[in-house]
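J.: Quick one: structure below, then a few questions.
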Amino acid sequence: MLQRISGIVLRTVKYKDTSFIADIYTDIAGRTSFLVSTSRSRKSPVKPVLFQPLTLIELEADLRLNTSIHRIKEAKSCYPFVTLPYDPYKSTIALFLAEFLNRIIHEEIENKPLFSYLYHSII
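Mapping of the sequence shown onto numbering that gives the first Met the number 0: position 59 corresponds to residue 58, and the numbering continues sequentially without gaps.
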């Protein structure tokens, strides 16, 4: 079933030539893994640049109970950063924080206070 989800990108791992697996901490499902198919066309509903570490995204995904890797149908940025991608100092800190959160957060259940705290701290 397709659901609208807000999330924080923790890391991405290249899977094949045209896809990758993204670990995202979401408001509804906790930490989940998504298979993201990317195409090189301009009109693609999922842009690979949205999946940089600590990016705040809103996505439409097919969440199923029996699977461990879900599919993303559409993704867009919730809060576009102005200086983070272009400042080496800030991007280094963001990479460190994303790796730290990736190691610490293992829960796959809903935790709205933690998600809200992380979301507002990143902004």
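Ideal placement from N, C-alpha and C gives every residue a C-beta, glycine not left out.
#1: Which partner residues of valine 35 appear in the DSSP bridge assignment?
#2: My output table needs one value for serine 5: the three-state DSSP class, helix, strand or coil.
#3: What is the DSSP secondary structure of serine 67, reduced to helix, strand or coil?
#4: Is phenylalanine 19 near isoleucine 68, with beta carbons less than 9 Å apart?
#5: When you compare each of Ser120, Phe80, Phe114, His119 to isoleucine 23 by their alpha carbons, which one comes out closest?
#6: Once the 5 residues before and after alanine 93 are set aside, which same chain residues still bring their CB inside 7 Å of it?
#7: Thinking just about the alpha-carbon of each residue, which of Ile4, Arg3, Thr31 is nearest to the one in aspartate 11?
#8: Measuring only the C-alpha atoms, how far is serine 90 from isoleucine 121?
#9: Tell me where the beta strand (DSSP E) around leucine 55 begins and ends.
#10: Which residue comes first and which comes last in the alpha helix (DSSP H) that contains lysine 111?
#11: DSSP three-state label for tyrosine 88, please.
#12: Does the separation of the CB atoms of leucine 117 and isoleucine 27 fall below 9 Å?
T.: Put simply:
#1: Phe19
#2: strand
#3: coil
#4: no
#5: Phe114
#6: Pro52, Leu53, Leu83
#7: For clarity, residue 11 is threonine in the given sequence; the question names aspartate instead. Considering only Ile4, Arg3, Thr31, the residue with the shortest C-alpha distance to threonine 11 is Thr31.
#8: 12 Å
#9: 55-61
#10: 111-121
#11: helix
#12: no
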